[in-house]
Amino acid sequence: MYGKKVKLRAFFIFLVFISAILITYLIINSLKENVVYFKSPTDIQNLAQIDKKKIRVGGMVKKGSIKINNKDLRFIITDFKNEIIVSFSGAVPNLFEEEKGVVAEGYLKDRKYFKADKILAKHDENYMPPEVKQALEDKN
Amino acid sequence: MINQLGSYSLYICLICSIYLIYKSYFNQFISPKKVENKIFSVLSVQLFMTILSFSSLIYAFVLSDFSNLTAYNNSHSLKPLFYKVSGTWGNHEGSLLLWLLVLIIFLFIFFIKSKKLFFRYRILTILFQQIIIFGFLLFILFTSNPFINVFPLPSEGLGLNPILQDPALAIHPPLLYVGYVGTSIIFSSSLAALVCGTIDKIWAAHIKEWILISWIFLSIGILLGSIWAYYELGWGGFWFWDPVENVSLMPWFCLTALLHSIVVLKSRNLFHSWTIILSITTFSLSMSGTFLVRSGILNSIHTFANDPSRGIFILSFLFILVLLAIFIFFFNQKKIPDSSKKTFLISRETGILVNNWFMMYFLSVVLVGTAYPIFLEVINNSKISVGPPFYHKLIIPFLIPFLFFMAMGPNLKWIKNEKKTLNFLQLIIFSICLIVSYLIILKTDTNFLFSTLLFTFSFYLFFHVLKSFFQKNPSYSQKISHFGFSLFLISVLFNGILSKENSANMKVGDEMYFLNKKIIFENVQIKDGPNYRTLIGKFKLQEKKNTFEFKPEIRVYSQPETITSEADILSTIFSDNFLVFSLIKDDGYFNVRYQFKPLMMWIWLSVLIMSFGGLLSLIKKNEK
């Protein structure tokens with residue numbers, strides 16, 4: 000039969016193979032649950048149905064739409080075709096401003112209303128979400 | 000003028016590089032005396048020219064010479080001198096020039112320091128390193144030349160993004176780059192050693208220095224970036240699993256694995272192929288790291304507006320390098336010594352192998368999390384992001400066995416461990432850890448069994464490492480680094496379960512109640528800084544009998560017009576109190592965020608301790 004060395008090596012390869020499969024399974028499984036999709040207000044309009052998954056909505060903050068009170072913050076994200084109302088309570092990044100790009104993470108209540116639990120703004124003052132850039136170019 | 004000087008010296012560099020590639024390829028077998036001096040002088044010329052080129056860029060920034068496009072885009076005459084200088088590498092073109100400079104400096108040091116080694120190995124290292132340098136030079140000169148003329152001469156520059164005007168971020172890129180670029184030497188010399196068939200203990204001892212240097216710089220570079228994100232971005236945490244952060248963490252995992260496997264190669268002459276594969280992977284990850292951050296491909300909140308078309312060049316260059324490496328690897332595989340020595344299951348080798356496996360696992364998790372969004376966007380154009388839960392779910396459970404092996408491994412003997420490692424004292428330590436963890440977790444509302452186990456093993460590792468300081472084994476550097484790591488993990492865990500935060504929109508005079516704390520917003524003052532105006536808020540935090548005062552700032556920069564928040568952090572040994580406020584709209588409401596972060600200081604400090612262990616190992620080596 001085979002020598003000890005060959006057996007050992009076969010066992011080793013088998014072990015690596017098993018762990019590789021296990022890792023792949025774990026990663027794919029975890030990815031399914033924890034991926035957050037990025038959508039523009041237009042994408043949301045076109046959604047077939049609204050589910051309870053966490054998503055990100057990106058676009059521009061509409062001019063004059065920011066309203067603040069003690070508890071929360073409301074504003075409108077637009078991609079110049081469609082818009083969506085966002086309500087949020089929590090910390091706001093510095094580059095959050097009217098007529099600037101913004102990404103909000105949270106849950107959809109309906110096609111016009113989004114409850115955010117996190118707001119992200121980009122580092123760069125010239126940055127614009129790609130969808131918005133596209134929409135602006137289409138408009139011109 | 001300065002532009003010509005800068006770019007001509009780069010062209011001379013390019014010529015040197017071509018010459019060196021040619022010379023080193025055809026003179027591999029010649030006796031060293033004939034070419035040694037020639038190579039040395041060409042290398043010196045190349046080094047001098049790069050320094051000249053880089054200095055001329057710094058010159059353009061410092062003297063605000065806006066005939067230079069890079070300086071025009073990223074500098075401003077009113078900026079403080081320190082940020083004029085750091086602005087040089089705070090942009091795509093300048094940072095690539097810095098990459099190149101470090102590449103060449105490292106090669107030069109390598110050439111001087113490796114005089115005792117086999118000549119063919121040295122000259123081949125130069126060959127591979129020059130191929131990398133050549134690629135970078137082409138990339139710089141033809142896609143992102145920092146020396147482009149602006150005509151007519153503008154009177155003022157556009158300014159540096161103010162969030163980059165920060166001491167930590169000024170030195171963060173150079174440190175990180177030294178770490179990244181250090182891996183290029185490891186890459187080149189592994190390939191050279193592979194071709195020469197000299198992968199042995201001597202080579203391992205020699206290359207370990209370079210691994211250590213890269214590792215130390217990479218660790219501290221990541222640390223600085225992390226500290227910066229903590230206070231400047233107001234994210235209030237130490238790690239966010241943002242793609243840009245991940246991209247620097249991946250080579251770190253790989254380098255850490257390499258650092259361990261090279262020890263086995265050095266002491267036991269094992270793991271030859273594995274070490275080579277790790278070297279190649281580390282370098283590929285470092286290079287793609289630089290590329291991904293700067294190309295704008297990553298869907299990250301860090302993303303800077305940038306031109307992704309440059310990415311194609313560097314991606315294909317990386318592809319060629321990796322292909323070359325794989326090619327060399329397969330054609331020289333027979334030269335790798337047979338490593339079928341007697342090894343036993345319970346030995347230090349196995350311990351290190353287990354470490355390497357875990358590192359590879361962590362690496363693949365982070366890699367998938369970072370690359371999957373890019374992949375999916377190319378495939379079906381959908382934009383996704385992978386959040387912290389993904390990483391937490393996949394990494395944290397595996398920390399438990401990892402910690403156990405980390406506690407056991409260093410105490411095992413090489414080849415075969417005779418003694419049973421489980422003795423009475425160990426059991427007592429373990430039980431104490433278990434009880435302490437149980438009591439801690441009892442008071443919080445986290446996942447019970449799981450957190451208890453995690454805490455138990457962290458404490459266990461901690462005490463185990465502490466205990467090992469009293470043993471005779473002289474490897475203090477390893478113990479210090481492991482001690483740093485266990486301290487890091489304990490701080491992170493406590494930070495994770497005990498952090499509290501609250502935010503609200505407040506007007507002057509408003510109060511916020513949170514837990515048993517009361518935060519009062521007292522007033523706002525306006526002051527002028529060197530190149531900005533600032534709103535200084537005054538907050539009072541009342542907790543039992545103690546009163547703390549916070550003075551966070553909102554800075555309004557005019558060039559470019561940007562607002563940044565400067566958090567006010569009251570750090571004590573045990574916890575950080577973090578308060579940041581920002582102005583949303585000019586109607587009196589400020590967005591105020593308060594965070595209580597325990598043991599924040601220890602997270603930073605423990606990474607320093609880890610790096611210090613590496614430094615100690617480096618110094619000790621040189622003394623011998």
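Taken in sequence, the protein lines are chains A and B.
Taking numbering that gives the first Met the number 0 as reference, the numbering of the first sequence is continuous, increasing by one, and the terminal residue is 139.
Taking numbering that gives the first Met the number 0 as reference, the numbering of the second sequence is continuous, increasing by one, and the terminal residue is 623.
Every residue, glycine too, gets a C-beta built ideally from N, C-alpha and C.
Neighbouring residues, chain A, relative to residue i (Cβ below 8 Å)
i        : result
THR586/B : Thr is not the amino acid found at residue 586/B; the sequence shown has Asp there. Simply ILE67.
LEU424/B : Correct list: empty, because the minimum Cβ distance to chain A is about 32 Å.
VAL385/B : LEU30, ASN33, VAL34, VAL35
VAL263/B : Residues of chain A passing the Cβ test: none, with the nearest at roughly 16 Å.
ALA191/B : Ordered by position in chain A, no residue passes the 8 Å Cβ test against ALA191/B, which lies about 29 Å from the chain.
ALA70/B  : Result: empty, since nearest Cβ-Cβ is about 18 Å, beyond 8 Å.
Close-in-space but distant-in-sequence residues of the same chain around residue i (CB under 6 Å, 5 per side omitted)
i        : result
LEU2/B   : According to the sequence displayed, residue 2/B carries Asn and not Leu. Excluding residues within five positions, the ones whose Cβ falls inside 6 Å are ASN67, PHE146, ASN148.
LEU25/A  : none
PRO153/B : PHE65, TYR71
ALA304/B : The pLDDT assigned to ALA304/B is 46, lower than 50, so where the model puts this residue is not dependable, and the model offers no usable value.
ILE11/B  : MET48
PHE16/A  : none
ASN245/B : VAL365, THR369
MET511/B : ALA503, ILE518
CB of residue i within 8 Å of CB of residue j, strictly
i        : j        : result
VAL91/A  : GLY57/A  : no
PHE397/B : TYR360/B : yes
LEU193/B : ASN26/B  : no
PRO559/B : GLY89/B  : no
GLY5/B   : SER55/B  : yes
VAL84/B  : VAL61/B  : yes
LEU598/B : SER490/B : yes
LEU99/B  : ILE139/B : yes
ILE583/B : LEU72/A  : yes
LYS550/B : GLY528/B : no
Proximal chain A residues relative to residue i, where beta-carbon distance stays under 7 Å
i        : result
PRO388/B : ASN33
TYR371/B : LEU30
VAL365/B : Result: empty, since nearest Cβ-Cβ is about 11 Å, beyond 7 Å.
Residue span of the beta strand (DSSP E) that contains residue i, given as start and end
i        : result
GLY57/A  : 54-60
LEU567/B : The sequence shown places Asp at residue 567/B, rather than the Leu named in the question. Its beta strand (DSSP E) spans residues 567-570.
VAL101/A : 100-109
GLN524/B : 516-527
GLU376/B : Note, GLU376/B: premise wrong, no beta strand (DSSP E); alpha helix (DSSP H) at 347-379.
LEU190/B : It is not in any beta strand (DSSP E) - LEU190/B instead sits in the alpha helix (DSSP H) that spans 166-195.
MET511/B : 510-513
ASP116/A : 112-119
LYS382/B : 382-385
Span of the alpha helix (DSSP H) around residue i
i        : result
LEU56/B  : 31-61
THR546/B : Unbroken run through THR546/B is the beta strand (DSSP E), 545-549; no alpha helix (DSSP H).
ILE431/B : 423-441
LYS6/A   : 3-33
THR124/B : 118-142
SER8/B   : 1-25
VAL101/B : 91-112
LEU257/B : 242-267
Under 7 Å from the C-beta of residue i: neighbouring residues of chain B
i       : result
ASN93/A : ILE562, THR563, SER564, SER581
ARG55/A : SER384
DSSP bridge partner residues for residue i (one or two, in chain order)
i        : result
MET505/B : PHE589/B
PRO597/B : SER574/B
ARG554/B : THR533/B, THR563/B
GLU82/A  : THR77/A
GLU500/B : GLN594/B
Beta-carbon proximity list for residue i, same chain, < 7 Å, skipping 5 on both sides
i        : result
LYS70/A  : SER88
LYS111/A : ILE83, ILE84
LEU116/B : HIS205
VAL385/B : GLY368, TYR371, PRO372
LEU223/B : ALA167, ILE170, HIS171, LEU174
ILE434/B : none
GLY508/B : PHE520
Contacts that residue i makes with chain A (C-beta to C-beta distance below 9 Å)
i        : result
ARG592/B : GLY89, ALA90, VAL91
TYR360/B : SER18, ILE22
Proximal residues of chain B, C-beta to C-beta of residue i below 8 Å
i       : result
ILE26/A : SER363, VAL364, VAL367, LEU393
Chain-ordered neighbours of residue i on chain B, where CB pairs are closer than 9 Å
i        : result
LEU107/A : Near LEU107/A there are no residues of chain B at all, since even the closest Cβ is about 16 Å away, more than 9 Å.
Cut-off 8 Å between Cβ atoms - residues of its own chain near residue i, not counting five sequence neighbours on either side
i        : result
ILE261/B : ALA203, ILE206, LYS207, ILE210, THR274
GLU542/B : ASN515, LYS516, LYS517
Near the ligand FMN: residue i beta-carbon under 7 Å from a heavy atom
i        : result
PHE389/B : As far as ligands go, the structure on display features none, and thus does not contain the ligand FMN.
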